[in-house]
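Undergrad:
Protein chains: 2
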Amino acid sequence: MSKLTIKTLAKELGLSIATVSKALKDSHEISSETKKKVLAMAEQLNYVPNPYASSLRKQKSKTIAVILPEVADNFFSLAINGIQAVATTKNYHVLIYLSHESFEIEKNAVNHCLSGRVDGVLISVSSATTTASHIEKLQNENIPFVFFDREFENFKAPKVITNDYACGYEAAKLLIKKGCKQPVFLSTSESLSICSKRSAGFAAALADAGLTNNKHEFVIDCTGTQEMIFEQLQKLLKKNKKIDGIVASVEKLAMQIYLVCLEKNINIPDDLKVIAFSTLETAPILNPSLTTITQPAFEIGKTAAEALFTMIEKKKHTITAESVTVLPSTLIERNSTSG
Amino acid sequence: MSKLTIKTLAKELGLSIATVSKALKDSHEISSETKKKVLAMAEQLNYVPNPYASSLRKQKSKTIAVILPEVADNFFSLAINGIQAVATTKNYHVLIYLSHESFEIEKNAVNHCLSGRVDGVLISVSSATTTASHIEKLQNENIPFVFFDREFENFKAPKVITNDYACGYEAAKLLIKKGCKQPVFLSTSESLSICSKRSAGFAAALADAGLTNNKHEFVIDCTGTQEMIFEQLQKLLKKNKKIDGIVASVEKLAMQIYLVCLEKNINIPDDLKVIAFSTLETAPILNPSLTTITQPAFEIGKTAAEALFTMIEKKKHTITAESVTVLPSTLIERNSTSG
DNA sequence: CGTTATACCGAAAACGGTTTCGTAAATAAA
DNA sequence: TTTATTTACGAAACCGTTTTCGGTATAACG
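Residue numbers (the working numbering), protein chains in the order written: chain A, -10 to 328; chain B, -10 to 328.
(1) Between the C-alpha atoms of Phe137 of chain B and Ile112 of chain B, what's the straight-line distance to the nearest angstrom?
(2) Work out the CA separation of Ser180 of chain B and Lys162 of chain B for me, nearest whole Å.
(3) Just tell me which of A:Pro285, A:Asn256, A:Thr283, A:Glu288 has its CA closest to the CA of Ser325 of chain A.
(4) Let me know if Asp62 of chain A comes out buried or exposed under the rule of 16 or more other beta-carbons within 10 Å of its beta-carbon.
(5) Report buried or exposed for Ser312 of chain A, applying the criterion of at least 16 other Cβ atoms within 10 angstroms of its Cβ.
(6) For Leu251 of chain A, tell me which candidate among B:Thr271, B:Gly234, B:Asp233 has the shortest Cα-Cα distance.
(7) With a 10 Å radius around its C-beta and 16 neighbouring C-beta atoms as the bar for buried, classify Asn215 of chain A as buried or exposed.
(8) Let me know if Gln329 of chain B comes out buried or exposed under the rule of 16 or more other beta-carbons within 10 Å of its beta-carbon.
(9) Out of A:Glu288, A:Ala243, A:Lys186, A:Ala286, state which residue places its alpha-carbon closest to the alpha-carbon of Leu275 of chain B.
(10) Return the first residue and the last residue of the alpha helix (DSSP H) that Ala243 of chain A is part of.
(11) Distance, Cα to Cα, Ser66 of chain A vs Ser66 of chain B?
(12) For Ala296 of chain B, collect the residues of the same chain with a Cβ closer than 8 Å to its Cβ; drop the 5 residues on either side in sequence, then sort them by chain order.
(13) Could you tell me the boundaries of the alpha helix (DSSP H) in which Thr119 of chain B lies?
(14) Lys186 of chain A: buried (16+ other C-beta within 10 angstroms of its C-beta) or exposed?
(15) How many angstroms separate the CA atom of Val60 of chain A from the CA atom of Leu13 of chain A?
(16) Any idea what DSSP makes of Met(-10) of chain A, helix, strand or coil?
(17) Got a sec: is the Cβ-Cβ distance from Met244 of chain B to anything in chain A below 8 Å?
(18) Could you please give the first and the last residue of the uninterrupted beta strand (DSSP E) stretch that includes Leu181 of chain A?
(19) Which parts of the segment 136 to 188 of chain B are runs of the beta strand (DSSP E), unbroken and 3 residues or longer, counting only runs that do not cross its ends?
(20) Just to confirm before moving on: does the CB-CB distance between Ala286 of chain A and Val75 of chain A stay below 8 Å?
(21) Hey, is His82 of chain B's beta-carbon within less than 8 Å of any beta-carbon in chain A?
(22) On a CA-only basis, which of B:Pro40, B:Ala192, B:Lys241 is nearest Leu269 of chain B? Give me that one, please.
(23) Tell me which residues share the same chain as Ser116 of chain B and place their Cβ nearer than 6 Å to its Cβ, disregarding the 5 neighbours each side in the sequence.
(24) Along the chain, where does the alpha helix (DSSP H) containing His101 of chain A start, and where does it finish?
(25) Can you check the segment 265 to 325 of chain A for any alpha helix (DSSP H) of at least 4 residues that lies completely inside it and give the ranges in chain order?
(26) Could you give the residue range of the beta strand (DSSP E) that holds Ile53 of chain B?
(27) Identify whether Leu354 of chain B lies in helix, strand or coil by the three-state DSSP scheme.
(28) Can you list, in chain order, the residues of its chain with a C-beta nearer than 6 Å to that of Gly234 of chain B? Leave out the 5 residues immediately preceding and following it.
(29) Considering only C-alpha positions, which residue in the set B:Val110, B:Arg139, B:Gly3, B:Phe144 is nearest to Thr151 of chain B?
(30) In angstroms with no decimal places, state the Cα-to-Cα distance between Phe266 of chain A and Ala237 of chain A.
(31) Check whether the Cβ of Tyr41 of chain B lies closer than 8 Å to any Cβ atom in chain A.
Set out below in structure tokens:
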């Protein structure tokens, strides 16, 4: 009934607190007989040490934080799976903070990570963050952190990302090969590393193919709620009927494109070819099946977490060291770009 | 550089630790002038109190745990959104534990929640849990918890769920109305509350329509990895060509059905009509668009969290009290059941 | 036998806050 | 003026661990 602490355990056993504590962690200072007794009693009484007392004393929280924009997104949930996988093997706990693409919320979350609440943080920045002041605080407090997927450019720090530029290039190349004359790139926020790199690759491919001279705007920012995006796309396709190819920079844009086409009776791929950066499992069974550039989401989460733990485990983490690991995505052609 | 504690803050201000502590929490014992000074200095030095020291003394962790099978599932990620939404308004932190449908992992996670790591827990049980011994520990330690979606039947506790039985009934009724003679229900685990209730409703509708006498097995368990499920479905549809309707109890089953039909050239809805319990956003743009029974995932998470917090906030939480709130799902007819 | 290792255990000081309680000064009441 | 009350602050206990530092008893050694 009343809280079971190491003190009551000690009293029950007729031992000192120190002895019990050491016995529980298999110290060599304790005889094997008493160890056995202690373990048995602890098991019997179902003793679980108070994690916060331990954290306070050891200055280790045994927990990491994951800060990301959203969890209802296949990429991020897969990444979380990867992170969780390595966290559990390390016996670590994971706190989740959702920024919902708000800089304020993200800053707040980062602030929570100061002062020893976590031993490290994994972060994928929101589309609204244009300054890294909050992340610099982490650096100042010497708290290990690593970016995954959405990094902060020009910021020296460990990051694990995918080959965004190359994929943007490949996407455009495919559309061009399939005959598109006016493909556009749908961005969510050009301040986002993934978007700017992908669109840069996209633009480069257009330039290489000599398609940039027909003066159309080929990188378009789509922001807001799903409904707002829907309307923007509606207007875009109505205004510019020459658009014959689209690269969606993120998952949620792809869905809205399909919905707009459904409503406006635009045929994919005949009227419009579509490629999406996405890990959507339903891509093969969409109408039509969707050509995707699929990121290794689980692996990105996993290797980011692994990188974080190597930093946590060495006492002197050279946080300022920039180490970028790039896990390539794969282009999977399906019917949305056929013909 | 060195950790900034309340002690250094106090020394810097020429005040006692106690005074600073009280000033920071706006105690009436402190004059407004010193409060101002303290706040200013705290702001300037960027002081963040150590949460674990505070937790230890106050016996409150300001964090809750969410234990669920999976995060890469639309229903659960939406539920997490709902949970997070209320947690942030309460200034609470949320720990996430993924059971991946394993009882052992789930038990482990529950154990972590003992001993004051969290002030409460939200749990959606794995398909492998058939005993509630681990959850009883929570009760014994008087830790507030509430089930969401996947409850443990015959267990007196607060739960927020959806109207599974009625939806199973409705799903079957729709298939029958559309002319199905041998509809089947695809379960993932009959030990799971949601599945058993949904299948019970399904069976009841079949009985009411007089369709149970043709002796076919109409509730089928599909377990294992996605690949294993794919194979099971392949065999099922090959063996029993009379099956003309399917209700998928969970999201991931629906996808496999579509894939099998794609491979075996089975036409949906002509050869086979499909309904899925799912919150898939891509349902309208699938080929064909998928008829779903859509759970109010966000609201389930939200109200579960709200229920948890009312328990946390009253000192004497009558945990044994069973209070079931049911949030109804909605059947959305699409092309996978047309004709 | 005296000395030194070794094995085993306990007292007490941390860790960084919160909270109770005491107290001195200032103010109000008598 | 004396007494009671309020205001503003500090000393110290406490939360539940971990860890350092001794200390005692026994064994090993010369």
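Using N, Cα and C, we set each Cβ at its ideal position, and we do this for glycine too.
TA: Quick answer:
(1) 6 Å
(2) 24 Å
(3) Ser325 of chain A has its Cα closest to that of A:Asn256, out of A:Pro285, A:Asn256, A:Thr283, A:Glu288.
(4) Buried: at least 16 other Cβ atoms inside 10 Å.
(5) exposed
(6) B:Thr271
(7) Just to set this straight, residue 215 of chain A is Gln in the shown sequence, not Asn. Exposed, by the Cβ-count rule.
(8) Past the boundaries of the shown model lies residue 329 of chain B; chain B is included only from -10 to 328, so the question cannot be answered.
(9) A:Ala243
(10) 240 to 253
(11) 8 Å
(12) Val135, Pro147, Val149, Ser312, Thr314
(13) No alpha helix (DSSP H) contains Thr119 of chain B, which DSSP labels as neither H nor E.
(14) buried
(15) 38 Å
(16) Residue confidence for Met(-10) of chain A is low, a pLDDT of 46 falling below 50, so the modelled location carries little weight; the figure read from the coordinates is stated next. For Met(-10) of chain A, the three-state secondary structure derived from DSSP is coil.
(17) It does; some Cβ of chain A falls within 8 Å.
(18) Run containing Leu181 of chain A: none; DSSP gives neither H nor E here.
(19) Counting only unbroken stretches of 3 or more residues, the beta strand (DSSP E) elements lying wholly within the segment 136 to 188 of chain B are 148 to 150, 172 to 176, in sequence order.
(20) no
(21) yes
(22) B:Lys241
(23) Glu90, Thr177, Ser178, Leu181
(24) 92 to 102
(25) 286 to 302
(26) 52 to 57
(27) An answer regarding residue 354 of chain B cannot be provided, because it is not within the stretch -10 to 328 covered by chain B.
(28) Answer for Gly234 of chain B: Leu164, Cys169, Pro172, Lys262, listed in chain order.
(29) B:Arg139
(30) 6 Å
(31) yes
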